[in-house]
């Protein structure tokens, strides 16, 4: 299981390490030890009774040992069952494998189910430790509550393949912020990004994990992935929606991109990881329909460069792309379902662009990261592979 500096360990993904025993010596003034039945072990009973009391004490000790042994056996069996079921994701050695998908939540439509099947087929060959979602998880406007049937219809009942029964670490996209709804409602019911952040969804499907901003650590802290919420950075959303009253509880009007940027820098500054990866919905650079995001280029990119982030994973544009930016790489995986988007201005740093459905699979080694772009046409064989070194910018 991932252990996050700012993240949340989901139930049953790791054994507790906070329980321990401490032997504290008794002072000379302390009363004599008392057995479970209230008999003093020494000093109170006449000599004729001591052997039987000692036998009782020995029985109690033996019983305690048996109980402890049984509890340990149950715990070990439970841990092994989680490992067999794919829940033991606390990889302590390389390689680290994960899949990346974005812009997917359409109740199986728009090729979502086909992409899910392909993800499962690739997972059978190269099992991922976890899946990353780059946002726009539930179209068109997020969830109306933790009991919204969209959660089941777009997530739990779509990604049923055995290899995908692993943790899903997600970020919010602009559609999760209800910016496509009218006055923050869908069919008269209020929508809010807070619903996706609610732990109740994890109670419904153990795989689900989403926070506004958090960190997950792997391979004994040698790999750290920083998840951020990029919608508050985009000025257009405030002028297009918030100022017109299209707002909702927990929405853009309540967020601060400045505070989030300061928090990200604090975490990056403290990180001693060999690999630093960042995940957000919007890409700084893109050859897709939406194009570059000037706010991220101005505010986020300098941090990525300053702290040696090797790669930034995003969605938003409904395509897949690999770009070499100044000092880091951008991997766009926003083709989890519907695509059919018009390509924007080709970016000079782009080494691969695919405007149709698919996903990304990553294999992370100590010195390099292999990024496979899987398309529905290519199947389990990647249509394109980029190898990103731990240091440097060559793809």
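Numbering (our numbering), first residue to last: 443 to 837.
For each residue, glycine too, the CB sits at the ideal point set by N, CA and C.
Model, not experiment: these values are computed from the prediction.
In angstroms with no decimal places, state the Cα-to-Cα distance between residue 790 and residue 729.
-> 9 angstroms
Every unbroken beta strand (DSSP E) within the region 727 to 785, with a cutoff of 3 residues, ordered by chain | Within the region 727 to 785, the complete beta strand (DSSP E) runs of at least 3 residues are 753 to 756, 762 to 766, 771 to 775.
Reference residue 572; option with closest CA among 743, 692, 786, 659 | When only C-alpha atoms are compared, the closest one is 659.
Strand pairing of residue 541, partner residues [DSSP] = According to the DSSP secondary-structure assignment, residue 541 is paired through a beta bridge with 573, 803.
Alpha-carbon spacing of residue 711 relative to residue 749, whole angstroms | 7 angstroms
Measure the Cβ-Cβ separation of residue 560 and residue 612 and say whether it is below 7 angstroms.
-> no
Using the rule of at least 16 other Cβ atoms within 10 Å of the residue's Cβ for burial, across every protein chain shown, is residue 708 buried or exposed?
-> exposed
The alpha helix (DSSP H) with residue 546 in it runs from where to where?
-> Run containing residue 546: none; DSSP gives neither H nor E here.
C-alpha distance - residue 548 paired with residue 596, whole-angstrom precision = Roughly 6 angstroms between the two C-alpha positions.
Count the C-beta pairs between the region 578 to 596 and the region 788 to 805 that are closer than 8 angstroms, then say yes if the count reaches three, no if not.
-> no
Skipping 5 residues on each side, what residues in its chain have a beta carbon closer than 7 angstroms to that of residue 702?
-> 655, 670, 671, 674
Does DSSP classify residue 814 as helix, strand or coil?
-> strand
Reduced DSSP secondary structure (H/G/I, E/B, other) of residue 581 | Note: residue 581 maps to coil in three-state DSSP.
Would a C-beta distance cut-off of 7 angstroms place residue 771 and residue 723 closer than the cut-off?
-> no
Excluding the five sequence neighbours on either side, which residues of its own chain have a C-beta within less than 6 angstroms of the C-beta of residue 779, listed in chain order?
-> Correct list, in chain order: 546, 548, 552, 553, 554.
Hey, could you find the ends of the beta strand (DSSP E) residue 612 is sitting in?
-> 610 to 612
Do you know offhand how far residue 694's Cα is from residue 829's?
-> 36 angstroms
Since residue 396 is in the beta strand (DSSP E), which residue starts that stretch and which ends it?
-> Because the chain in this structure spans residues 443 to 837, residue 396 falls outside the shown range and cannot be described.
Which ranges would you report for the alpha helix (DSSP H) in the region 633 to 683 if only whole runs of at least 4 residues count?
-> The alpha helix (DSSP H) runs lying completely inside the region 633 to 683 and spanning 4 residues or more are 636 to 639, 641 to 646, 677 to 682, given in chain order.
Which full runs of the beta strand (DSSP E) of 3+ residues lie inside the region 694 to 731, going along the chain?
-> 717 to 721
Which residue's Cα is closest to the Cα of residue 534: 752, 664, 818, 821?
-> Residue 534 has its Cα closest to that of 664, out of 752, 664, 818, 821.
Distance, Cα to Cα, residue 607 vs residue 636?
-> 24 angstroms
Could you pull out every residue in the same chain whose Cβ sits closer than 7 angstroms to the Cβ of residue 761, ignoring the five residues on either side in sequence?
-> 730, 774, 776, 777, 781, 783, 795, 796, 797
Determine, using beta carbons only, whether residue 557 and residue 822 come nearer to each other than 7 angstroms.
-> no
In chain order, what residues of the same chain lie with their CB nearer than 8 angstroms to the CB of residue 638, ignoring the 5 residues before and after it?
-> 579, 580, 584, 585, 612, 614, 618, 652
Burial state of residue 491 (16 or more Cβ within 10 Å) = Legend: pLDDT at residue 491 = 47, less than 50; position of this residue unreliable, no value from coordinates given.
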